[in-house]
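Residue numbers (the numbering used here), protein chains in the order written: chain L, 1 to 361; chain Y, 1001 to 1283.
Glycine included, each C-beta is placed from N, C-alpha and C at the ideal position.
Small disclaimer: the values here were computed from a predicted structure and weren't measured.
Down below is the structure, laid out as structure tokens.
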Amino acid sequence: MMIDSTASAEISDRSASRTDTLRVAVVGLGARGIGHATALATIPGCELVGLADPRGAARRNLRGMGHTAPRYRRVEQMLEKTSPQAVFVSAPLPARAALARTALEQGCAVFLERPMATTAEQGAELVALAAEQGMPLAVAHTLAFEPVFDAARRAISSGALGKLSEARASMYASRVFSAREATRYAHGAAGGVLAHMSVDLLFVLGRMFGTPVEVRATASRLYGTLEDELHAMMTTEGGAEVGFDSSWSVPGHPYPATVIELAAERGHLLVSDDALELDLSEPSGGFPAGSTLRRIADLPQPARFDVSGEARWLEDAAFVAWVAGGSAPFNTGEAALQTQRVMEALYESAAAGGTSVSVAR
Amino acid sequence: MKRTFAAPRLLLGARSLSGVSRATRDRMIELAARYHGPESLAVTLSKALDAGAEGILATPGPGLRAALRELKRTVPIAAVLPVLDEHERREVEPSLEALIRERFPQAGFAAKWRARFAGLGAGGDWSRLVPKLIELESGAVRRRELCAVVLAEPIADCALATGHSRLFARFIKFVHGRFRVPAGIETCNLGVLLSSLAEWEIAPDFIVGPVNPAGLGMKPDRDTLLAALRRSPVPVLATELRAGGTVPLAEGARFALESGARGLVPDLVDFEDVAGELKTLAG
């Protein structure tokens, strides 16, 4: 068996073969919104019909970049004038859920930045509304679309490693060394490193090991009112312990670093941004005994356009394919809601000094 | 008669110092540590020129400027502009108006004066704002050192996605007219850019983009890019020769040249022995 990212390749193939045109719009024209607009402009069968942001400078910037879609200050006006079939909501967290609700109520499919809402309750309302409207709802968890992490998830799903004993995961970056920087990343919303950076890793862990049943967490505030570091232990349904460490205030990490390491019945797996290493005590799940190494250059890179890497394009293309009648990607609103609930449990535990908290289902 | 600008054949890449590389994280950190001080970078740059590099492809940031000050000789710089640091590249919306506001106070008097006229009536249009921003940042490289101006990849690729052909045309005209050096374009979407430029009938003096046997970073896909490369009238200087460290430098360089690249930009991160390996490539 090959370690590959065939799912990603399928996304790319589906996008390339579509002949119908899907009308899409982007709300929130910050860095993420620009990323979506750029990706959408290169996905076959996509037509960017509207852009919305209350900031005139942001709208002017998109126009100056070469986007010719009409621009609007208010999302309601954009929906009315352009009738998009899908809306990408990249607005700051406090406004996100309300904008998604407006788009869903207008009969649009919605793709939301993560986290999807300020509370799990708000997220659940969005998931229920999407189901009621029969509209696709997905949430950006870009790390899960990175070919190397997708390949690791596939290796685990293949059963090659057997029963999980324990796992550790970390995400570190050198980003925040003052209260001002923390505020800049958080865009004035609650939540620090977990909500605005490592929630992506939480989602990836959920895909690999299932939603944990119980969590314990501690958080540290180094520079302001938001947590800059969060350490946690999570217990899976099978009883395995998954360690989780994240910080955006670690010196020496000019490039964000994500690592997942696990020990299981038949061997070990280590995956990082650079490579996947699998070490098996016996041949299993199509993998040979001993060490298997796959670096990023060994894995498929099916994105047709590089938008700060592979994953952003693949994620957007997967959602577009879903809205156009294809199968649902793995980052559905429902799946993201589970991650939101884990995040909420981690914050609750940290606020209570590290006591065990059950994850709501 | 229209003046022609020749593309360089061998540049030492220092883009990894600005975070632009597909090398492994450990390797990038190792590199950052090695070139933390200006002296070690200065020595390496000097050795690179002695070994046959025609210049350095780099963002003229404070680290490079400090290294250049250490040297008694002139180091030709193919300056990648606008200057976008790691944070600006990844996290901040590339709003050129905001960048211009930020760069204005740091620019010299002459650059400010010229920049006032460069983007007149721009109204947010990147094709007019890019020259203005480059004007403000060009003071970071001394004129005698400037051997080319290369449009930075985040700007080039955003404009490529939207089909903003005017931006590329104006950039080339501006660089030729203002600096009288070759105008290059850096991209992470080489195959797409080559096809688009051919369609728009726009010819920069060279393009810088990934070419390697593993196909790493070759968009829209390896085969399409290689086909576009073979028929491209625009010289391509190949980067990411080692495909994130998976192939030897000599093999990557040979593959790129055999595939139609006219020049090479091996990066600092690709070398164990800059002088020795560069000499082999130059030979």
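In the DSSP assignment, what residue or residues form a beta bridge with residue i?
i         : result
L:Ala166  : Rather than Ala, the amino acid found at residue 166 of chain L in this sequence is Glu. DSSP lists L:Glu241 and L:Ala263 as partners of L:Glu166.
Y:Asp1267 : Y:Gly1013
Y:Ile1056 : Y:Leu1012 and Y:Ile1077
L:Ala268  : Looking at the sequence shown, residue 268 of chain L is not Ala but His. Answer is L:Ala263 and L:Asp279.
L:Thr292  : L:Leu278
Y:Glu1070 : DSSP output for Y:Glu1070 lists no bridge partner at all.
Y:Ala1363 : Residue 1363 of chain Y falls outside the range modelled here, since chain Y spans only 1001 to 1283, and no answer is possible.
L:Arg71   : L:Leu51
Y:Thr1280 : Bridge partners of Y:Thr1280: none, in fact.
L:Ser349  : Answer is none; L:Ser349 lacks a bridge partner.
L:Cys46   : L:Leu22
L:Glu214  : L:Thr235 and L:Ser358
L:Leu137  : L:Val110
Would you call residue i buried or exposed, if buried means 16 or more other Cβ atoms sit within 10 Å of its Cβ?
i         : result
Y:Arg1231 : exposed
Y:Trp1113 : exposed
Y:Arg1143 : exposed
Y:Arg1073 : exposed
L:Gly134  : exposed
L:Pro283  : exposed
L:Asp228  : buried
L:Gln77   : exposed
Y:Arg1015 : buried
L:Ala173  : buried
L:Thr82   : buried
Y:His1036 : exposed
Listing by chain order, which chain L residues have their CB less than 8 angstroms from the CB of residue i?
i         : result
Y:Cys1188 : Asp306
Y:Ser1095 : Ala57, Ala58 and Asn61
Y:Trp1126 : Gly64, Met65 and Gly66
Y:Leu1225 : Simply none; closest approach about 11 angstroms.
Y:Leu1167 : Gly66
Below 6 angstroms CB to CB, which residues in the same chain sit around residue i once its five sequence neighbours on both sides are set aside?
i         : result
Y:Ile1207 : Ile1185, Val1234 and Val1236
L:Asp4    : Bear in mind that the predicted position of L:Asp4 carries a pLDDT of just 40, short of 50, making it unreliable; the figure below should be weighed with that in mind. So the qualifying residues of the chain are Pro300.
Y:Cys1158 : none
L:Ala345  : Val215, Val357 and Val359
L:Gly123  : Met116, Ala117, Leu337 and Gln340
L:Ser158  : Gly285
L:Gly224  : Ala179 and Ala182
Y:Phe1141 : Checking the displayed sequence, the identity of residue 1141 of chain Y turns out to be Val instead of Phe. Taken in chain order, the residues that qualify are Pro1060, Ile1077 and Ala1079.
Y:Ile1172 : Ala1183 and Pro1204
Y:Leu1226 : Ser1259
Y:Glu1097 : none
L:Ser198  : Met171 and Ser246
Y:Ala1111 : Glu1135, Leu1136 and Gly1139
Which residue's Cα is closest to the Cα of residue i: the options?
i         : options                                       : result
L:Pro92   : L:Ser247, L:Ala195 and L:Gly286               : L:Ala195
L:Ala240  : L:Leu164, L:His67 and L:Gly123                : L:Leu164
Y:Glu1199 : Y:Gly1209, Y:Arg1069, Y:Val1274 and Y:Ala1169 : Y:Ala1169
L:Pro251  : L:Glu315, L:Leu222, L:Gly162 and L:Pro94      : L:Leu222
L:Gly50   : L:Pro44, L:Ala31 and L:Leu22                  : L:Leu22
Y:Lys1219 : Y:Glu1277, Y:Glu1201 and Y:Leu1160            : Y:Leu1160
Y:Glu1272 : Y:Leu1031, Y:Ser1259 and Y:Ile1134            : Y:Leu1031
Y:Gly1163 : L:Ala303, L:Thr38 and L:Leu202                : L:Thr38
L:Leu143  : L:Ala257, L:Thr82 and L:Gly162                : L:Ala257
L:Gly290  : L:Glu277, L:Ala297 and L:Pro302               : L:Glu277
L:Met65   : L:Ala41, L:Phe88 and L:Arg55                  : L:Ala41
L:Val259  : L:Ala328, L:Ala167 and L:Ile156               : L:Ala167
L:Val139  : L:Thr102, L:Phe287 and L:Arg96                : L:Arg96
What in chain Y is Cβ-close to residue i, meaning under 9 angstroms?
i        : result
L:Asp273 : Thr1024 and Arg1025
L:Asp200 : Residues of chain Y passing the Cβ test: none, with the nearest at roughly 14 angstroms.
For the ligand NAP, I want to know if residue i counts as a neighbour, meaning its beta carbon is within less than 8 angstroms of at least one of the ligand's heavy atoms.
i        : result
L:Leu262 : With respect to the ligand NAP, the structure offers nothing, as it holds no ligand at all.
Give me the chain Y residues within the contact set of residue i, using Cβ-Cβ distance strictly less than 7 angstroms, ordered along the chain.
i       : result
L:Thr38 : Cys1158 and Ala1161
Identify, in the order they occur along the chain, each residue of the same chain with its Cβ nearer than 7 angstroms to the Cβ of residue i, setting aside the five sequence neighbours on each side.
i         : result
Y:Arg1027 : Gly1245 and Val1269
L:Thr6    : For L:Thr6, the predicted model reports a pLDDT of 48, less than 50, meaning its position is unreliable; a value from the coordinates is still stated below. Excluding residues within five positions, none has a Cβ falling inside 7 angstroms.
L:Met2    : No answer about L:Met2 holds up, because its pLDDT of 36 lies below 50 and its placement is not dependable.
L:Arg32   : Ser90 and Glu113
L:Glu310  : Glu146, Pro147, Gln301 and Ala303
L:Val193  : Glu227, Asp228, Glu229, Leu230, Ser246, Ser247 and Trp248
Can you pull the chain Y residues whose beta carbon is under 8 angstroms from the beta carbon of residue i, in chain order?
i        : result
L:Ile296 : Arg1022, Leu1216 and Gly1244
L:Ser254 : Checking the sequence shown, residue 254 of chain L turns out to be Pro, not Ser. Here the neighbours are Gly1019, Met1028, Ile1029, Ala1032 and Glu1086.
L:Thr236 : Chain Y residues near L:Thr236: none, gap ~28 angstroms exceeds 8 angstroms.
L:Ala366 : Missing from the structure shown is residue 366 of chain L; chain L here goes from 1 to 361 and no further.
Beta-carbon within less than 8 angstroms of residue i's beta-carbon, same chain only, minus the 5 sequence neighbours each way: which residues are those?
i         : result
Y:Leu1264 : Arg1009, Leu1010, Leu1011, Leu1237, Ala1238, Leu1241, Ala1253, Ala1256, Leu1257 and Leu1281
Y:Leu1229 : Leu1190, Gly1191, Leu1194, Val1211, Val1236, Ser1259, Gly1260 and Ala1261
Which residues of chain L have a Cβ atom closer than 7 angstroms to the Cβ of residue i, listed in chain order?
i         : result
Y:Val1192 : Phe305
Y:Lys1173 : Near Y:Lys1173 there are no residues of chain L at all, since even the closest Cβ is about 18 angstroms away, more than 7 angstroms.
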